[in-house]
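What follows is a short report on a single structure.
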Amino acid sequence: MSDCRMEIAYIDPDTYTAIVNHDMRRSILNALFTYASQRPVTKAELAELLDIKYQQLVYQLGHHLQDFWIVEEEEKVRGARREFISPSRPKAIYITLGKGGRLFVVDPLADRYGPVDEVGLRCDGCEASEFEACLQHLIGIGAVDMELEEGEKSLLAINGRRPPYRPLDHGIISALRGMSRGDRCVIEIPCQDCAFMVKHLIQGQIGDGMDGDAAEPTRFLVLGGFLGAGKTTLAINLARTMRDKFDRSVAIITNDQGDVLVDTEFTKEAGFDVKEILGGCFCAKFSDFVKSARTLVSAGRPDVIIAEPIGTSTNLLASVITPLRTMYPDEFQVAPFTIVVDGTHAMDIIEGGRSSDAGVELIPAHQVKEAEYIIVSKCDRLRPEQVDRVTNALRELVPDAKVIPYSSQKMLNIDPIVSMVLSDEVSVKGSVGDENALFASEKAKLGWYSSTWTVTPEARLDLHRLTVGIMKHVSTTYPPESITHVKVSLSSDDVAIKMSLVYDSLQLDGLRGSRFLEGEATLVLNARVVSPPSQLREVMRESLESLSEPLGFMLQGRSESCFTPKPEAPSYFFED
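Right, dumping it as structure tokens:
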């Protein structure tokens, strides 16, 4: 093919590993492919753009990235040679095949590096109409074979690719077929027919080279608060309102200590792009946090990203907010740090009904002190005079924060919160400055349970009876003050339900389709309870097994973990 616009090429596993595990090499490739594809740049220009030393760039290009660039022209300046470089394959997507048929991708232009089932492909950010038009073009020029063999479908399934297949799914299969024949360029998509390329070229991301207009920073809201305060529900309500009333696109980043998260599934069910950071707080996995945000931007260019940290996270101003606004000002505009406070819990404390959460009190108190905005949730469960008492108490505690009463059930005051998110108001507050060690003993009291199950009903399964039954078992085993947050979600192609339990308060968070399940479904359980992990594991298992026979369903465990979170060291800690 003489006029190759997009190329899928093989990369050996060693080169792949050397790139994916090295932040600087990934940044160099992304900048090289973004800014030098249309106009060659000097190495000095590239180093300046990346804000790294010239010698560092030259070393990486010469020792680890030598196959990715070429010298387009040279000139002598006062006896020294100056090289103008560009990508050797400007629109290439590199793939490698690992054990068990797992595919790995290096896509510098889209800034996607990693397993395909985790980072996706560049055309995942295209609308259905766009990739369908692209497929029709590929069929017309004979670039891909639309008929896939069963083994090829299985390979795509292993890598998280499901029908309807996108252009690059077919392109990868064509590439794997063609590579055995020595083909170099296996797919051709002229820029005017590729939605991904059109977005980049027209919006000036690469079309004007180094002189192109920089993209506007993506608005970024970090939405903190203690376990069970209602962060996920607020995030989804904000996202829906911004989408439906203001035509703004929103993506969400979720976070958990465990390996599976109900909130991620709930967010997907709501129809929003989502990335998750598992196994640690944003603060301890800051590079993964930024990488996820960049992936969301490169895939779909959302107007707003909402990030929801773990409910036990502390010192977020110093370890997440300030590093984000200081280190990435050209990429992200960080909104005021917003904390969600459970209004019913706050009222219990004010009235003396609950002095602490079984000894967990330093964490939520510190979170509130960090806030620039405080959202008082669940106000529909309070009388007007109680709402006033809670909001006044919070204003007295944090006089520099703005306090907004809110209800997810009645959508009370959703508009002023959206107005803040869509405004140009930015985070400016400095660190409160408490040491993380102060909170370690409280975090150590919590058992952290996560599991995923396949549920198969014998006939029809009442989802409401199942989810309420699970919560009832937990609430009769533990006192209310020990139940920090329990979440359950169950979903199939036809139905879905999510329910949560905080202390002694049970809430239905979402329901799709019928309340009855007739086919196989996935059940996800998260529990954060003041309990030894071994006891919590048994209680959660019993909550399911005790219902299996009476309700008529079979269980198959897919994953399960239960532990006490270990102390974490933030990647960065910016103090005033």
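Count along the sequence shown starting at 1, add 533, and that's the number in my numbering. Just so it is clear, CB atoms sit at the ideal spot from N, CA and C, and this is done for glycine as well. Keep in mind that this is a model prediction, so the values were computed, not measured.
For residue i, collect the residues of the same chain with a Cβ closer than 6 Å to its Cβ; drop the 5 residues on either side in sequence, then sort them by chain order.
i	result
Ser1033	Lys1020, Gln1040 and Asp1042
Glu802	Ala1029
Phe1106	Ala851 and Ser852
Gly1046	Asp1027 and Val1028
Leu668	Pro700
Pro1100	Ala973
Arg914	Thr877
Asp640	Ile626 and Arg655
Ile769	Ala803
Ile603	Ser621
Quick one: using the 10 Å Cβ neighbour count with 16 as the cut-off for buried, is residue i buried or exposed?
i	result
Val719	Residue confidence is low: Val719 scores 49 on pLDDT, short of 50, so the model does not pin down where it sits. Its coordinate-derived value is still stated next. Val719 should be labelled buried.
Met944	exposed
Lys586	exposed
Pro869	buried
Val961	exposed
Lys624	buried
Tyr592	exposed
Arg916	exposed
Ser1067	exposed
Ser941	buried
Ser888	Residue placement at Ser888 is flagged as unreliable, the pLDDT there being 49, under the threshold of 50; a coordinate-derived value is accordingly withheld.
Ile672	exposed
Gly693	exposed
Lys632	exposed
Val795	buried
Arg827	buried
Pro697	exposed
Pro932	exposed
Gln599	exposed
His1018	buried
Ala577	exposed
Of the residues the options, which one's Cα is nearest the Cα of residue i?
i	options	result
Phe1049	Ser1094, Asp921, Pro750 and Asp995	Asp995
Leu811	Asp821, Phe799, Asn788 and Asp796	Asn788
Ile838	Ala784, Leu849 and Arg998	Ala784
Glu903	Ile1003, Ala992, Phe759 and Ile628	Phe759
Gly963	Asp702, Lys824, Leu590 and Thr859	Thr859
Leu709	Pro949, Thr847 and Leu636	Leu636
Ala1102	Ala840, Pro648 and Leu849	Leu849
Thr629	Thr845, His878 and Thr548	Thr548
Val936	Glu918, Ile561, Leu955 and Val901	Val901
Lys824	His555, Ala569 and Pro546	His555
Leu955	Leu1088, Thr1017, Leu771 and His1006	Leu771
Asp702	Ala577, Val553, Val638 and Lys1031	Val638
Val1035	Glu683, Lys764 and Pro1065	Lys764
Could you check how far apart the C-beta atoms of residue i and residue j are, in whole angstroms? I think they sit under 8 Å.
i	j	result
Cys814	Ile786	Wrong, their Cβ atoms sit about 12 Å apart, outside the cutoff.
Val1072	Thr1010	5 Å
Phe729	Arg655	5 Å
Phe865	Phe753	4 Å
Ser1025	Gly1052	6 Å
Ile691	Gly634	5 Å
His997	Ser1079	No, His997 and Ser1079 are not in contact; Cβ-Cβ is about 17 Å, not under 8 Å.
Give every residue of the same chain whose Cβ lies closer than 7 Å to the Cβ of residue i, excluding the five residues on either side of it in the sequence, and list them in chain order.
i	result
Ser1092	Asp792, Val793, Ser984 and Thr985
His597	Ala551 and Arg558
Arg622	Glu540 and Ala542
Leu1069	Gly980, Tyr982, Ala1060, Val1062 and Cys1095
Cys912	Gly876, Val920, Pro938, Tyr939, Ser940 and Leu945
Is it true that the CB of residue j sits closer than 7 Å to the CB of residue i?
i	j	result
Tyr1129	Ile907	No answer is possible for residue 1129: it lies beyond the span of the chain, which begins at 534 and ends at 1109.
Ala762	Val873	yes
Leu1056	Val988	yes
Ala934	Glu975	no
Ala977	Thr1097	yes
Ile1003	Ser1076	yes
Met1110	Val923	The first residue shown for the chain is 534 and the last is 1109, placing residue 1110 beyond what the model contains.
Gly876	Ser910	yes
Val755	Ala840	yes
Ala926	Ile883	yes
Ser1015	Val965	no
Ser1022	Glu798	yes
Ser782	Pro862	no
Ala564	Leu590	no
Thr751	Val951	no
Glu605	Pro573	yes
Which residues in the same chain as residue i place their Cβ atom closer than 8 Å to its Cβ, once the five residues preceding and following it in sequence are excluded?
i	result
Glu958	Ala868 and Pro869
Thr575	Arg615, Glu616, Phe617 and Ile618
Pro856	Phe819, Ser1104, Tyr1105 and Phe1107
Gly1085	Pro990, Glu991, Ala992 and Leu994
Quick check on residue i - is its C-beta less than 7 Å from some C-beta in chain D?
i	result
Pro1065	Absent from the structure is chain D; it holds one protein chain and no more.
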